[in-house]
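Quick note, the sequences are listed as chains A and B, same order.
Here the first sequence is numbered in our numbering, starting from -10 and rising by one per residue.
Here the second sequence is numbered in our numbering, starting from 184 and rising by one per residue.
Even for Gly, the Cβ is constructed at its ideal location relative to N, Cα and C.
What follows is a single structure, written as structure tokens, with notes after it.
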Amino acid sequence: MLHITTLHYLILGAALFLLGVIGVLTRRNVVIVLMSIELILNAVNLNLVAFSHYWQGMPARFGGGPSALHGQIFSIFVITDAAAEAAVGLGILIAFFRNKETVNIDEVNLLKW
Amino acid sequence: MAPVATPFFFYLLAGIMVIGGILVITRRNPVHSALALIVTLLAQASIYLMLYAPFVAGVQIILYAGGIMVLFLFVIMLVSIERSMKERQFNSQWVIGIIAATALGGLFIAVYTKGRDIFPDGPPTMMEGDNTQKVASLLYGQYMFAFEIASLLLLVAIIGAVVMAKKRI
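Set out below in structure tokens:
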């Protein structure tokens, strides 16, 4: 059977990214739009960890080797960003729902006048 | 120790992730979407384990599936979803959105087929088991400044969330 290479992980990440983009562009519910953003961030994380694994197999003179875990560090920072984004986004959603009694993203027009 | 049946588990987990992602963006009820997203995140944690990243897999389960998704479910309980479940679920530019996403997917496919030779086809290398220790020494050594910036970002996010969710802004 075929070996699983880095390209397989990249294709899986691209598929998840596209699902997230479709969700952001087509859904009306703000909660599901935020979940689609989480899907996009997870696809990026998958790519980063896959690149980190690939880079660990490179020879040390190119900066690789077993301690080259920069991709994993970066994915932890991306997870931190996702937590901050979810907290602020859901806070904005609660404030919006309190003002307009809806969660449809089409009706987010409070900044227009 | 050699990994057992890696392609089978990869395709199983990839199928679970893609089906979960499709369920996230198609369900009418946001609670069902959140549960599908939790399944996707857990499958992704297993994929991290296959990539020899156990620390990131643990962070994924604890922070994403345990923290962020609980926050999502909590907010879904706070806002009333009955009205929005009766309404149209997709907005009026959904055709253009799907066309744009398909174009982006075509771009991905073009780039990956052109750059296929960069990644070798051999079996992946085996790492030794001190992943968490190495992540910690990188995080508190080389990436110390970025770590502090991240803590500042979390402080700003806490204050922002509290201010946004207050009764009177």
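In the three-state reduction of the DSSP assignment, Arg16(A) falls in the strand class. Taking Ala71(A) as the centre and dropping the five residues before and after it, the same chain places the C-beta of Glu27, Leu30 closer than 7 Å to its C-beta, in chain order. Against Leu322(B), the close residues of chain A are Ile62, Ile65, in the order they occur along the chain (beta-carbon pairs closer than 8 Å).
Under the criterion of beta carbons closer than 8 Å, Thr(-5)(A) and Ala39(A) qualify as touching, at roughly 5 Å.
Judged by DSSP in its simplified three-state form, Asn36(A) adopts helix.
By alpha-carbon distance to Ile341(B), the top candidate from Ala73(A), Leu14(A), Leu99(A), Leu100(A) is Ala73(A). Contact between Ile281(B) and Ile11(A) is confirmed by a C-beta separation of about 6 Å, below the 8 Å threshold.
When DSSP states are grouped into helix, strand and coil, Phe302(B) belongs to the coil group.
Looking only at Val22(A), Ile0(A), Val13(A), Tyr43(A), the smallest Cα-Cα distance to Ala284(B) is reached by Val13(A).
If you draw a 10 Å sphere on the C-beta of Gly312(B), you find fewer than 16 other C-beta atoms in it, and that means exposed. Non-local C-beta neighbours of Ala228(B) in its own chain, meaning closer than 6 Å and more than five positions away in sequence, comprise Ala240, Gln243, Ile244, ordered along the chain.
DSSP places Asn93(A) in the strand class (E or B) of the three-state scheme.
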